[in-house]
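What follows is a set of notes on a single structure, which appears directly below.
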Amino acid sequence: MDPHRHDPLWTPHDRRQHPRLPDRRRSRRAHPDPLGRRRSRPRRLIDTPARVARSYRELFAGYEVDPREYLERTFQEVGGYDELVILKDIRFVSFCEHHMLPVVGKAHVAYLPTDRVVGISKLARVVRGFARRLQIQEKMTADIARTIHEVLRPEGVGVIIEAEHSCMTMRGVDVPGASLITSHLIGVVRDDPRTREEFMRLARG
Ligand SMILES: [Zn+2]
1 MDPHRHDPLW TPHDRRQHPR LPDRRRSRRA HPDPLGRRRS RPRRLIDTPA
51 RVARSYRELF AGYEVDPREY LERTFQEVGG YDELVILKDI RFVSFCEHHM
101 LPVVGKAHVA YLPTDRVVGI SKLARVVRGF ARRLQIQEKM TADIARTIHE
151 VLRPEGVGVI IEAEHSCMTM RGVDVPGASL ITSHLIGVVR DDPRTREEFM
201 RLARG
């Protein structure tokens with residue numbers, strides 16, 4: 001009788017590829033499991049839990065950073081510049097907090113400075129800092145905008161995010177290619193029609 005017949009990770013196909021894997025009974029005798037679990041995992045999967053843990057650590061590195069710090073440490077005097085600063089097409093990968101499935105998209109971030117600006121890479125870092133967490137897109141959009149607003153104290157901030165949610169495109173209603181668009185506007189980017197329109201045109205154009 002096949003000793004692996006109850007193991008969902010074990011198929012006859014695996015067995016053909018690894019004819020010298022010890023059978024479960026012998027393996028258990030050699031390395032008894034203190035919790036009494038079955039030990040019949042194919043050899044090529046033995047390191048998988050550790051690999052998954054390392055990859056999750058990287059994908060959720062946003063929990064180890066405070067995106068505010070990217071802006072707090074590095075701003076410079078504005079030097080007379082008083083137009084919109086906009087960084088568009090900031091690509092990111094995040095994970096929805098409902099299904100832990102990938103959310104892949106891009107963010108467009110703009111602000112109208114008063115007295116301070118930051119290097120553009122810092123804006124991308126803020127996006128990544130929030131993306132590399134379990135997220136819902138609406139919250140992420142607002143978090144990015146509020147962080148820029150609180151630290152740089154600009155006259156206005158605009159954030160637009162467009163993203164594809166795997167929980168919707170590869171399962172559930174299963175609509176490949178559909179993307180969710182969210183925006184969060186603060187200050188003159190929200191209230192001044194000319195500034196808002198300029199932001200929308202630059203971001204979507
Ligand atoms: Zn989801």
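Here full-length UniProt numbering is used: position 171 in the sequence shown is 171, and no number is missing along the way. Virtual Cβ for every residue (Gly too), placed ideally from N, Cα, C.
In this structure, Ile-160 sits near Ser-183, with a CB-CB distance shorter than 9 Å. Relative to ligand 1, the nearest heavy atom lies less than 8 Å away from the CB of Met-168. The secondary-structure analysis by DSSP pairs Pro-102 across a beta bridge with Phe-95.
Per the C-alpha coordinates, the member of Ile-86, Gly-119 and Val-103 positioned closest to Arg-73 is Gly-119. In the structure shown, the three-state DSSP call for Ile-90 is strand. With fewer than 16 other Cβ atoms inside 10 Å of its own Cβ, His-98 counts as exposed. DSSP links Thr-182 through a beta bridge to Ile-161. Around the CB of Ala-163, 16 or more other CB atoms lie within 10 Å, so the residue is classed as buried. Note that the C-beta distance between Ile-86 and Ala-110 is below 9 Å.
In its own chain, leaving out the 5 sequence neighbours on each side, no residue places its CB closer than 6 Å to the CB of Gly-172. Annotation: Gly-79 is outside any alpha helix (DSSP H) and is labelled neither H nor E by DSSP. DSSP places Val-65 in the coil class of the three-state scheme, outside both helix and strand. Straight-line spacing of the CA atoms in Leu-45 and Pro-176 works out to 31 Å.
Spanning the alpha carbons of Met-140 and Arg-41 requires a straight line of approximately 39 Å. Note that the C-beta distance between Ala-50 and Arg-132 is not below 9 Å. Sorting Thr-114, Pro-102, Ser-121 and Arg-116 by C-alpha distance to the C-alpha of His-108 places Ser-121 at the top. Nearest Cα to Arg-194 within the set Pro-154, His-165, Val-117 and Leu-84: Leu-84. With contacts defined as CB atoms closer than 9 Å, Arg-153 and Thr-114 qualify as a contacting pair.
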